[in-house]
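To start, the structure itself, in structure tokens.
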Amino acid sequence: METIDRKFQILAVNPCKKGAIYTQADGFFFKATDKFAPHALVGYIKAMKESGEVDSIQIESAELLLQRVMKKQVVEGARTPDIDSDCEIARCIAGKGVE
């Protein structure tokens, strides 16, 4: 399977589900200080609501995540995302060094 997120190496553990460990092969990562992360979450929440397939508690959880991200940006600021090194360009665009 192709690596989903080429920029970051990810290790995500869901402590509520035994053995639920995820990496860059399973998902992607946005930093909370990414200027456009809230926009991604707003679209995600909207799509969940419109689908009619998602429990309200999952939507509430995503809305709370959005609030925390926005609060962090107010406190710490937000930055425009970038690919700013030869290494990142080679990884993200060409897949160089991606396992």
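The working numbering applies: residue -18 is where the sequence shown begins, and numbers increase by one. Glycine residues also receive a C-beta, built at the ideal position from the N, C-alpha and C atoms.
Inset, instruction - Within its chain, find whatever has a CB closer than 6 Å to the CB of Ile100; leave out the 5 residues flanking it on each side and keep chain order. - result: Summary: the structure shown does not reach residue 100, with the chain confined to residues -18 through 80, and so no result is reported for it.
Legend entry - Alpha carbon of Lys(-2) to alpha carbon of Ala43, nearest angstrom: As a position in the sequence shown, residue -2 is number 17, starting the count at 1. As a position in the sequence shown, residue 43 is number 62, starting the count at 1. So the two alpha carbons sit approximately 18 Å from each other.
Inset, instruction - Tell whether a beta-carbon distance below 7 Å holds between Ile(-15) and Val(-6). - result: The sequence position of residue -15 within the sequence shown is 4, counting from 1. The sequence position of residue -6 within the sequence shown is 13, counting from 1. Not a contact, by the Cβ cut-off of 7 Å.
Inset, instruction - Quickly, what does DSSP pair Arg60 with across the bridge? List them, please. - result: Against the sequence shown, residue 60 aligns to sequence position 79. BP columns for Arg60 point to Asp15.
Legend entry - 7 Å Cβ shell around Phe10 - same chain, five flanking residues per side excluded: The count along the sequence shown starts at 1 and reaches residue 10 at position 29. Here the set comprises Asp(-14), Phe(-11), Ile(-9).
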